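The opening position of the sequence shown corresponds to residue 1 in the working numbering, with each subsequent residue numbered one higher.
Presented below is the structure to which this report refers.
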Amino acid sequence: MRRNSLRDKLIGVVLFCFFLLGMGGLIAATGWTETMEALADLSLMQVLILLVCSLVNYLFRGGRWHILARAIGINTQLGQSLRHFLGGFAMTVTPGRLGELVRIRWIGLETGAGAERSAPLVLMDRAADLAAMSLILGLVLLFTPMLVAIAPILAVVALAASILVTRPGLMRQAGDLGYRITRRWPRLFVKIRRAAKALRPFSQISVLIPVLSLTAIGWLAECLAFWLLLEWMGADVALLPAIVIFVLSMIAGGLSGMPGGLGGAEATMIALLSLSGVPLALAIPATAVIRLTSLWFAIAIGIVMFPIAERAATKPRKRMSSF
Numbered sequence: 001m002r003r004n005s006l007r008d009k010l011i012g013v014v015l016f017c018f019f020l021l022g023m024g025g026l027i028a029a030t031g032w033t034e035t036m037e038a039l040a041d042l043s044l045m046q047v048l049i050l051l052v053c054s055l056v057n058y059l060f061r062g063g064r065w066h067i068l069a070r071a072i073g074i075n076t077q078l079g080q081s082l083r084h085f086l087g088g089f090a091m092t093v094t095p096g097r098l099g100e101l102v103r104i105r106w107i108g109l110e111t112g113a114g115a116e117r118s119a120p121l122v123l124m125d126r127a128a129d130l131a132a133m134s135l136i137l138g139l140v141l142l143f144t145p146m147l148v149a150i151a152p153i154l155a156v157v158a159l160a161a162s163i164l165v166t167r168p169g170l171m172r173q174a175g176d177l178g179y180r181i182t183r184r185w186p187r188l189f190v191k192i193r194r195a196a197k198a199l200r201p202f203s204q205i206s207v208l209i210p211v212l213s214l215t216a217i218g219w220l221a222e223c224l225a226f227w228l229l230l231e232w233m234g235a236d237v238a239l240l241p242a243i244v245i246f247v248l249s250m251i252a253g254g255l256s257g258m259p260g261g262l263g264g265a266e267a268t269m270i271a272l273l274s275l276s277g278v279p280l281a282l283a284i285p286a287t288a289v290i291r292l293t294s295l296w297f298a299i300a301i302g303i304v305m306f307p308i309a310e311r312a313a314t315k316p317r318k319r320m321s322s323f
């Protein structure tokens, strides 16, 4: 008992240090003076609105995690799923996406579901983000004159990848075709076939529609926060172009392979804002503020939820069904 308590405290301290270092690194990279001035110019109510938009995103995507878990027969309650999902945010900026692994561990401890059974959750969780973002991007590009050369390409690639992952039959056929063409890497293509089989429960319309709807609403809430921030800071960027900039930045951050999309998301956002006529003196602090109220706010929530989730998972006879 005492050992677990000490471990939780040590984990909390380490994660809090990661949070401070990461936040400090982001602000240092984007300019201390500009960021602090931008934060000072925002009212408390405006900051709270930004945080509420982010919280909507986290909770809706946590609901998506719950639907996906139930789709493969894992008997979890909504409170458990939200606890796992939010607690995993503590590991967002750690190498190797440890947050996803720790969620799988908690599920196993609380429900008895093995890692092999629950592992497809990770793939579908990423695919849902990719699919929702590509759909949002594709739809918005139809109604805005903003032309970003890479946007349609990313939208098509992201949508194609998400379709493959959410349609196991197509994924298996693509894997078989790949092996027939290359006649190499047989183990890789065997894994693709196994993944396609594991993803079959997620391809049902009754699962896909609520999952994509929750995901799209969540990310649109973040897009709204980004547009509001730009408005409050005096940037002349309309809602639809702001959505394009935000979604492209998140996709670029994900494709960069860096934990939390660090570096790639910020660089893309600053570049696209500049292309939209926003001066660097405004684009840089705006980027820093929106990342503080989205990415680093999520990590802060994760730091709070991590010891709660860990304690609940390691005490199966007394685990909670809700917060």
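Don't be surprised by glycine CBs; every beta carbon is placed ideally from N, CA and C.
These figures come from a predicted structure and were not determined experimentally.
_Sequence-distant residues of the same chain with beta carbon closer than 6 Å to Glu266, five excluded per side_ = What you label residue 266 is simply residue 266 of the sequence shown in a count that begins at 1. Result list for Glu266: Thr287, in chain order.
*Can you list the alpha helix (DSSP H) stretches of 4 or more residues lying completely in the stretch 231–302, in chain order?*
239–256, 264–275, 280–293, all fully within the stretch 231–302.
_Short Cβ contact (9 Å threshold) for Thr293 with Val47_ = Sequence index remark: in the sequence shown, residue 293 carries index 293 (1-based). Sequence index remark: in the sequence shown, residue 47 carries index 47 (1-based). One thing to note: Thr293 has its Cβ within 9 Å of the Cβ of Val47.
*Between which two residues does the alpha helix (DSSP H) carrying Met45 extend?*
Translated into the one-based positions of the sequence shown, residue 45 becomes position 45. Segment 44–71, the alpha helix (DSSP H) holding Met45.
*Would DSSP call Ile107 helix, strand or coil?*
Taking the first residue of the sequence shown as 1, we reach residue 107 at position 107. Under the three-state reduction of DSSP, Ile107 is assigned to helix.
*Counted within 10 angstroms of its Cβ, other Cβ atoms place Gly112 as buried (16 or more) or exposed*: Indexing the sequence shown from 1 puts residue 112 at position 112. By the beta-carbon neighbour count (other beta carbons within 10 angstroms, threshold 16), Gly112 is exposed.
_Between the alpha carbons of Glu222 and Gly73, how many angstroms are there, rounded?_
The residue you call residue 222 lines up with position 222 of the sequence shown. The residue you call residue 73 lines up with position 73 of the sequence shown. In this structure, the CA atom of Glu222 is about 31 Å from the CA atom of Gly73.
*Secondary structure at Ala113, three-state DSSP: helix, strand or coil?*
Taking the first residue of the sequence shown as 1, we reach residue 113 at position 113. It is coil, neither helix nor strand.
_Determine whether the beta carbon atoms of His84 and Thr92 lie at a separation below 9 Å._
Locating residue 84 in the sequence shown gives position 84, where the first residue counts as 1. Locating residue 92 in the sequence shown gives position 92, where the first residue counts as 1. Between His84 and Thr92, the C-beta gap is not smaller than 9 Å, which leaves the two residues out of contact.
*asked:* I'd like to confirm something about Ser274: is its beta-carbon nearer than 8 Å to some heavy atom of the ligand SAH, or not?
replied: Questions concerning the ligand SAH fall outside what the structure shown contains, since it holds no ligand whatsoever.
*Top-ranked residue by Cα proximity to Gly88, from Ala115, Pro241, Val122*: The residue given as residue 88 occupies position 88 in the sequence shown. Restricting attention to Ala115, Pro241, Val122, the CA atom closest to the CA of Gly88 is found in Val122.
*Please list, in chain order, all residues of the same chain as Leu239 whose beta carbon is under 7 Å from its beta carbon, the five residues on each side excluded.*
Locating residue 239 in the sequence shown gives position 239, counting from the first residue. Trp227.
*What is the DSSP secondary structure of Ala119, counted as helix, strand or coil?*
In the sequence shown, the residue the question calls residue 119 occupies position 119. Residue state, collapsed to three classes: coil.
*asked:* Taking 7 Å as the limit between beta carbons, can you name the residues of its chain near Arg317, skipping five residues before and five after?
replied: Locating residue 317 in the sequence shown gives position 317, counting from the first residue. Here the model assigns Arg317 a pLDDT of 48, short of 50, so the residue's position is not dependable, and the following value carries that caveat. Cβ within range, chain order: n/a, list empty.
_Using a Cβ-Cβ cutoff of less than 6 Å, which residues in the same chain neighbour Ser249 once the five nearest sequence positions on both sides are dropped?_
Position 249 of the sequence shown holds residue 249. Counting only Cβ-Cβ distances below 6 Å, and skipping sequence neighbours, we find Ala265, Thr268, Met269.
*DSSP three-state call for Thr215: helix, strand or coil?*
Position 215 of the sequence shown, counting from 1, holds the residue named residue 215. Helix, per DSSP.
_Closest residue to Leu214 among Trp106, Val247, Phe60 (Cα-Cα distance)_ = Counting from 1 along the sequence shown, the entry for residue 214 is found at position 214. Ranking Trp106, Val247, Phe60 by Cα distance to Leu214 puts Phe60 first.
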